[in-house]
Every structure is written in C-alpha cells, then in structure tokens.
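Peer 1: Residue numbers (the numbering used here): 17 to 382.
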Amino acid sequence: MTPGGGAVIPGEGAVIPRQAPGGGRSPAPALAPSPARFVALGDSLTEGLGDPVPGGGWRGWAALLAGALGERPGGVELVNLARSGALAAELAERQLPAARALGPRFASLVVGANDTLRAAFAIERVAAALDRAHSALSADGAVVLTACLPDPGRMLGLPAPLARPLARRMRAVNTVVHAVSARYQGVHLHLAEHPWAAERACWSVDRLHPSERGHRLLARGFHAALAAAGLPVGPPPALTLDGPPPTRAGAARWMATRGTRWVADRCTDLLPGLLGLALQECRHGLAGSGRLLDAAADQATRTALAALEGAGYGSDGSDGADGSEGTNGADRRPDRADAPDSPSGPDDAPPGKTAATAKGAATMTG
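(1) If you follow the beta strand (DSSP E) that residue 124 is in, where does it begin and where does it stop?
(2) Check residue 239 in the structure and name its three-state DSSP category.
(3) Which one of 316, 81 and 176 has the shortest CA to CA distance from residue 297?
(4) Please tell me whether residue 168 and residue 129 are closer than 8 angstroms, where the distance is taken between their beta carbons.
(5) I'd like the list of long-range same chain contacts for residue 216, defined as Cβ closer than 6 angstroms, with 5 residues on each side in sequence excluded.
(6) Roughly how many whole angstroms lie between the Cα atoms of residue 117 and residue 149?
(7) Indicate whether residue 123 and residue 59 have their beta-carbon atoms separated by less than 8 angstroms.
(8) Between the C-alpha atoms of residue 52 and residue 136, what's the straight-line distance to the nearest angstrom?
(9) Does residue 304 pass the burial test, meaning 16 or more other C-beta atoms within 10 Å, or should it be called exposed?
(10) Have a look at residue 76 and residue 235 and give me their C-alpha separation to the nearest angstrom.
(11) What residue range does the alpha helix (DSSP H) around residue 153 cover?
(12) When you compare only the Cα positions, how much space is there between residue 142 and residue 69?
(13) Would you list the residues sitting across from residue 52 in a DSSP beta bridge?
(14) Can you give me the Cβ contacts of residue 239 inside the same chain, cut-off strictly under 7 angstroms, excluding the 5 residues immediately before and after it?
(15) Out of 126, 112, 121 and 259, state which residue places its alpha-carbon closest to the alpha-carbon of residue 62.
(16) Would you mind listing the beta strand (DSSP E) stretches within the stretch 174-233 that are 3+ residues and don't spill past its ends, in chain order?
(17) Please identify the residue among 94, 92, 108 and 156 whose C-alpha is closest to the C-alpha of residue 119.
(18) What separation, rounded to the nearest whole angstrom, lies between the Cα atoms of residue 115 and residue 78?
(19) Which residues bound the alpha helix (DSSP H) around residue 135?
(20) Would you grab the beta carbon distance between residue 188 and residue 313 for me? Rounded to a whole angstrom, and I think it's under 8 angstroms.
(21) From residue 362 to residue 225, what distance separates their C-alpha atoms?
(22) Should residue 146 and residue 95 be called a contact, given that it needs their Cβ atoms to be closer than 8 angstroms?
(23) In this structure, how does DSSP classify residue 403 when only helix, strand and coil are distinguished?
(24) To the nearest angstrom, how far is the alpha carbon of residue 230 from that of residue 257?
(25) Indicate whether residue 242 and residue 193 have their beta-carbon atoms separated by less than 8 angstroms.
(26) Going by the CB atoms, is the gap between residue 57 and residue 133 shorter than 8 angstroms?
(27) Measure from the alpha carbon of residue 16 to the alpha carbon of each residue in 322, 325, 186 and 93, then state which is nearest.
(28) Determine the DSSP secondary structure at residue 168, reduced to helix, strand or coil.
(29) Return helix, strand or coil for residue 161, following the three-state DSSP convention.
(30) To the nearest angstrom, how far is it from the Cα of residue 17 to the Cα of residue 92?
(31) Please report the Cβ distance between residue 402 and residue 171, rounded to the nearest whole angstrom; I am assuming they are in contact, meaning their Cβ atoms lie under 8 angstroms.
(32) Would you mind reading off the limits of the alpha helix (DSSP H) that contains residue 77?
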C-alpha cells in the first residue's frame with residue numbers, strides 16, 4: 017500500500033486509486049518523471065577499469081559523469097554497455113543496436129585503442145564503424161560524446177621502432193574521431209594532448225587505463241564540454257579520491273602477477289605484425305625516408321574519411337539501401353608491414369576539416 021491508499025502493481029509502478037472516505041476518488045499522486053538515459057558504449061576505458069569499487073567491479077568516468085548530468089540529482093540513468101577488449105566494429109555491430117533500443121538522451125562512443133593493438137588494424141574499418149554509430153545515435157536525437165585518446169606506445173614506454181607504428185595508428189584513429197564528431201556535431205573531448213594525460217598519478221598500474229583520479233578528470237572534462245555546449249548539467253564530479261592513488265610498488269606487483277599474462281594475450285595477435293612494422297621503421301630510418309611512412313599513412317586516413325562521404329549510412333545505422341559495404345574499401349586494403357596505417361602529425365585533420373568540432377559542438381582542448 018502507498019501512503020495515499022493506492023496499491024502498487026509489482027514491476028509496473030502504477031498506482032490504482034482507492035475510494036476516498038467520502039465516496040469520491042482520492043487524488044492520484046504525481047508520478048516522478050522518468051530519468052533520461054546515458055548509454056555508454058566502448059571498451060575497458062568506459063567500462064571503468066582502473067577505478068575499482070568495494071566488493072569488486074568498476075565504476076569509471078561514465079558513472080561519475082552520469083551523476084552530474086541533468087538539472088536534478090538522479091535525473092540521468094546510466095546504462096554501461098562497454099566491454100573490455102571491444103573493437104570499433106564490435107561497438108557498431110553489437111553495442112549500437114542495444115543502445116538504440118534504450119532511447120538514450122546521451123551516448124558516448126570512446127573506442128579505438130584496442131584496434132591499434134591488433135595485427136589486422138585497418139583505419140577504413142574503424143572509420144566506417146564510428147561513422148555508422150555516430151550517424152545512428154545522432155539521428156535518434158542523442159547527444160553523442162567522443163574523445164581522442166593518448167598514444168598507447170608512449171604510455172607503455174615502448175622503444176621508438178615499436179612506438180612509432182602504434183603512434184601512427186593512434187593518430188589515424190584520433191583523426192577519424194575528430195572528423196566524425198565534427199560531421200555530426202558531437203561533443204568532443206580532446207584527451208590525447210590534455211595536460212593531465214601526462215601525469216603518472218592519472219593512470220592505473222597497467223599504464224593504459226585511467227586511475228580513479230584519471231576517471232574523475234575525464235568525467236569533469238566531459239562535464240565541462242557539455243556545459244559549454246549549453247546542455248543542462250549539475251555540479252561537476254568531485255576530485256576527492258575514494259581510494260589510494262597507484263604506486264610504483266603496485267605497478268611492479270601488477271606486472272609480476274597479471275601484466276605478463278596481459279601482454280602475452282595481446283602479443284599472440286599483435287607481436288608478429290608489430291615486429292614487421294618495427295623492421296620497416298628501422299629500414300626507413302636508416303635510409304632517411306621515414307616521411308614516406310607518414311605520407312602513406314596520411315593518405316590511407318584521407319581515403320578512409322573520403323569513403324564515408326559516399327558510404328550512404330542511413331539513420332538506421334545500415335551501410336546503404338543494398339546492404340553492401342559501399343565505397344569504404346575496408347576489405348580491400350590488407351594491413352601489411354609495407355602499408356603504413358596512420359596520418360602524420362598529432363591528431364591531423366583531413367583537408368577541409370579542422371581538428372575542432374563543427375558548429376554546435378563543444379571541444380575541450382589541452
């Protein structure tokens with residue numbers, strides 16, 4: 017029974033009015049408005065790795081941001097669909113349909129780092145997947161959040177011949193994220209060169225996922241970008257930590273107990289291709305022709321972005337009326353050691369576009 021004399025139907029929340037003592041009906045209580053939904057799509061960064069909660073599990077920047085959205089506390093409900101290890105294609109094929117079914121007011125698309133760590137990396141596939149997801153969610157009326165990401169090779173402190181190929185891939189992904197966000201007027205956070213991204217305390221022991229402090233700063237960055245875009249937000253997420261910051265001893269323990277397995281799991285896929293790319297890097301370095309790698313990578317990214325203009329993605333997230341791959345060429349270009357795979361320069365934008373988002377979007381810059 018409710019205080020007003022109504023009966024709540026289990027699982028429904030509807031109230032059946034009872035007769036008032038005088039024979040009339042009691043006034044129906046006002047129902048609280050349903051909370052808006054924030055659906056987070058992506059990989060382990062959005063899942064919350066690096067920000068553990070008591071009893072197990074992860075919280076992360078998306079949960080911290082959800083609590084600061086809307087004009088009243090609790091006005092936004094978070095549904096986190098992100099999955100550790102997810103690639104851009106998985107986001108578009110599996111997470112996107114589930115997200116659209118929820119009718120989100122806000123949605124985040126933060127993905128791509130895992131793609132750079134795969135031997136079969138192809139910027140065309142990443143671009144097509146991100147464009148498909150952003151197009152569909154924007155057409156549904158969601159405010160779409162994106163972010164460009166730091167270079168994993170630099171975060172891991174890899175030697176230059178190994179780090180440079182990964183840096184090219186990450187710059188390619190970031191260029192695509194910038195362009196797609198601008199195309200659909202999303203809310204973009206420029207994380208790749210943000211000052212706090214260089215702070216060791218902002219990263220967990222694995223050096224690839226934010227620590228609690230990093231997740232809080234990430235949430236605050238998105239909060240500021242949404243506020244700058246004129247969207248309703250509450251007070252920003254606090255910077256006060258709930259747990260201790262990561263330590264060097266903790267990093268050593270992680271590498272000894274879990275890090276070796278983590279690296280091995282990825283090396284079975286990445287290592288052969290990365291070694292080939294490293295040998296190519298050394299050859300061009302000795303010949304003084306490293307700029308050729310940058311130029312070829314830049315062209316590959318330009319081609320991927322140009323293909324999006326003719327891909328014909330509809331608001332249903334499909335590739336076109338005939339269901340084909342259109343002109344994105346995702347399956348036509350192999351990822352070879354002699355076929356560089358990213359643009360030159362940090363977060364380069366293609367001709368005719370800028371790294372900043374288009375009119376109506378908000379960009380946080382470092």
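Ideal Cβ positions, reconstructed from N, Cα and C, are used throughout, including at glycine.
Keep in mind it's a predicted model, so treat the numbers as computed, not measured.
Peer 2: According to the structure shown:
(1) Working through the sequence shown from its first residue, we reach residue 124 at position 108. Element bounds for residue 124: 122-126.
(2) Sequence index remark: in the sequence shown, residue 239 carries index 223 (1-based). Residue 239 falls in the helix class under three-state DSSP.
(3) As a first step, residue 297 is located in the sequence shown; it is residue number 281 there, counting from the start. The candidate whose alpha carbon is nearest that of residue 297 is 176.
(4) Reading the sequence shown from its first residue, position 152 is the one you call residue 168. Reading the sequence shown from its first residue, position 113 is the one you call residue 129. Closer than 8 angstroms, so yes.
(5) Walking along the sequence shown from the start, residue 216 turns up at place 200. Contacts found: none.
(6) Sequence index remark: in the sequence shown, residue 117 carries index 101 (1-based). Sequence index remark: in the sequence shown, residue 149 carries index 133 (1-based). About 13 angstroms.
(7) Within the sequence shown, the letter at position 107 stands for residue 123. Within the sequence shown, the letter at position 43 stands for residue 59. Contact flag unset, no.
(8) For the purposes of this step, residue 52 is taken as the residue at position 36 of the sequence shown. For the purposes of this step, residue 136 is taken as the residue at position 120 of the sequence shown. One C-alpha to the other measures close to 38 angstroms.
(9) Along the sequence shown, read from residue 1 onward, the residue named residue 304 stands at position 288. Burial call: exposed.
(10) Here residue 76 corresponds to residue number 60 of the sequence shown, with the count starting at 1. Here residue 235 corresponds to residue number 219 of the sequence shown, with the count starting at 1. Taking the straight line joining both Cα atoms gives about 8 angstroms.
(11) Here residue 153 refers to the residue found at position 137 when the sequence shown is read from its first residue. Here the alpha helix (DSSP H) through residue 153 covers 139-155.
(12) Residue numbering aside, residue 142 sits at position 126 when the sequence shown is read from its first letter. Residue numbering aside, residue 69 sits at position 53 when the sequence shown is read from its first letter. Their Cα atoms are separated by approximately 32 angstroms.
(13) As a position in the sequence shown, residue 52 is number 36, starting the count at 1. Paired residue(s): 92.
(14) Taking the sequence shown and counting its residues from 1, one reaches residue 239 at position 223. Once the five neighbours on either side are set aside, the close Cβ partners of residue 239 are 81, 84, 249, 252 and 253.
(15) The residue you call residue 62 lines up with position 46 of the sequence shown. Nearest option by C-alpha distance: 126.
(16) 203-206
(17) The residue you call residue 119 lines up with position 103 of the sequence shown. The candidate whose alpha carbon is nearest that of residue 119 is 156.
(18) For this step, residue 115 is matched to residue 99 along the sequence shown. For this step, residue 78 is matched to residue 62 along the sequence shown. Roughly 15 angstroms between the two C-alpha positions.
(19) As a working mapping, residue 135 is identified with position 119 in the sequence shown. Residue 135 -> no alpha helix (DSSP H), and no H or E assigned at all.
(20) Along the sequence shown, one-based indexing puts residue 188 at 172. Along the sequence shown, one-based indexing puts residue 313 at 297. With a Cβ gap of about 7 angstroms, residue 188 and residue 313 count as contacting.
(21) Translated into positions along the sequence shown, residue 362 becomes position 346. Translated into positions along the sequence shown, residue 225 becomes position 209. Bear in mind that the predicted position of residue 362 carries a pLDDT of just 35, short of 50, making it unreliable; the figure below should be weighed with that in mind. For residue 362 and residue 225, the distance between alpha carbons rounds to 21 angstroms.
(22) Residue 146 sits at position 130 when you count from the first residue of the sequence shown. Residue 95 sits at position 79 when you count from the first residue of the sequence shown. Not closer than 8 angstroms, so no.
(23) With the chain covering only 17 through 382, there is no way to say anything about residue 403.
(24) Taking the sequence shown and counting its residues from 1, one reaches residue 230 at position 214. Taking the sequence shown and counting its residues from 1, one reaches residue 257 at position 241. Straight-line Cα distance between these residues: approximately 10 angstroms.
(25) The residue labelled residue 242 in the question sits at position 226 within the sequence shown. The residue labelled residue 193 in the question sits at position 177 within the sequence shown. Not closer than 8 angstroms, so no.
(26) Walking along the sequence shown from the start, residue 133 turns up at place 117. Walking along the sequence shown from the start, residue 57 turns up at place 41. Taking 8 angstroms as the Cβ cut-off, residue 133 and residue 57 do not qualify as a contacting pair.
(27) There is no way to answer for residue 16, as the model of the chain reaches only from 17 to 382.
(28) The residue given as residue 168 occupies position 152 in the sequence shown. Looking at residue 168 - three-state DSSP - the assignment turns out to be helix.
(29) In the sequence shown, the residue the question calls residue 161 occupies position 145. In the structure shown, residue 161 sits in a strand (DSSP, three-state: E or B).
(30) In the sequence shown, residue 17 corresponds to position 1, counting from 1. In the sequence shown, residue 92 corresponds to position 76, counting from 1. Confidence at residue 17 is low in this model, with a pLDDT of 45, below 50, so its placement is unreliable and the value that follows should be read with caution. Each residue's alpha carbon lies about 28 angstroms from the other.
(31) The chain is shown only over 17 to 382; residue 402 falls outside these bounds and no answer can be derived.
(32) Here residue 77 refers to the residue found at position 61 when the sequence shown is read from its first residue. Segment 77-82, the alpha helix (DSSP H) holding residue 77.
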